[in-house]
Structure formats: C-alpha cells, structure tokens
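Numbered per the working numbering, the sequence shown finishes at 326, counting up by one with no gaps.
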Amino acid sequence: MGPVEFIVLAFPEEQLRVRAVDSLVGVRRSRAVRMVDALVVTRTAAGEVVAAELDAFEELAGVLVGEGVERLIGPEDVKEAADLLDLGSCALVVLIEHLWAEEAAKGVRAAGGHVAGSVRIPPERLEEVRAALAARAETVREEG
C-alpha cells in the first residue's frame, strides 16, 4: 500500500462546485491516486457544520466507487476540517492513497530501507522560499 493522505480542499461558498470534484476524478483515472473516502463538509453562515457523503449529491453520485473504497473519515476528521473553514464555506475532504509511491516503497523495503519521515509542504511555502532565494541571488549579483 502506498502512503495515505487526508486532504481538506476548501472553497469560499457553501455549495461545492462539481468541477472541483471532476479534477480529482481525473487524477484518479490516471491511477496516480486512489480515493479511499471523501465527504463534503460545510460550515454554514450561521456556523453549523454539516457533513455529507458524495452520494448525497445527485451530480456527485458514483464518484467514490471502486476497489478499496472504505468509509474511514469519521466525526473527528469532520471537526478538524470544519475548524479550517470560514463561515459560509465548504470543503471536499478526501482520503487518498498515493498509488504512484507504492512501487517505489516496495523497492525501498526490498533494499532494507523504510520511510523515516514525510512532510507535506504547502505550495504557498514553496513560493516564499523561491522568492527568498531569488532575492538573495539578486543581492549577490548587486554585490558581486
């Protein structure tokens, strides 16, 4: 089994847009990831938290199907996702398995190794690092 990741994809409205799910389904079709479980979590303008299976939405029915689908996202996960949401917004909460990493992991284990750590770095942080490196390079050019 490849690494499994819990992802909260937040949107600024209470209604999830289908195209957000479509892009994830496209990645699934490429066999890069397997969708293990998914929910829509909404924090209403009044602050109420509502969680629903994808099948509760006509346009999303059948998205979460296939081998390996399990209902693993629980109430604690819903609360954690909701805590990340602004009032009047929603999130697609997804548990995915990174299938692309499974073969690499087998090779690492066969060689006596193991994954000693893993850190997800948000794209915003990478942009900050790139900007800092560019600024440093510019300073070096000006001084040199």
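From the three backbone atoms N, C-alpha and C, an ideal C-beta is built for every residue, glycine too.
Bear in mind that the values here come from a model prediction, so they are computed numbers and not experimental data.
Assignment of beta strand (DSSP E) within the region 258-291, counting only whole runs of 3 or more residues, yields 271-280 in chain order. At the C-beta level, Ile278 and Glu187 come within 8 Å of one another. Straight-line spacing of the CA atoms in Val311 and Thr321 works out to 15 Å. In the structure shown, Glu235 falls within a strand segment according to DSSP collapsed to helix, strand and coil. The Cβ atoms of Val190 and Leu315 do not sit closer than 8 Å to each other. Counting along the chain, Leu308 sits inside the alpha helix (DSSP H) bounded by residues 305-325. For Leu191, the enclosing beta strand (DSSP E) covers residues 186-193. In the structure shown, the three-state DSSP call for Arg201 is helix.
DSSP, reduced to helix, strand and coil, places Arg216 within a strand of the structure shown.
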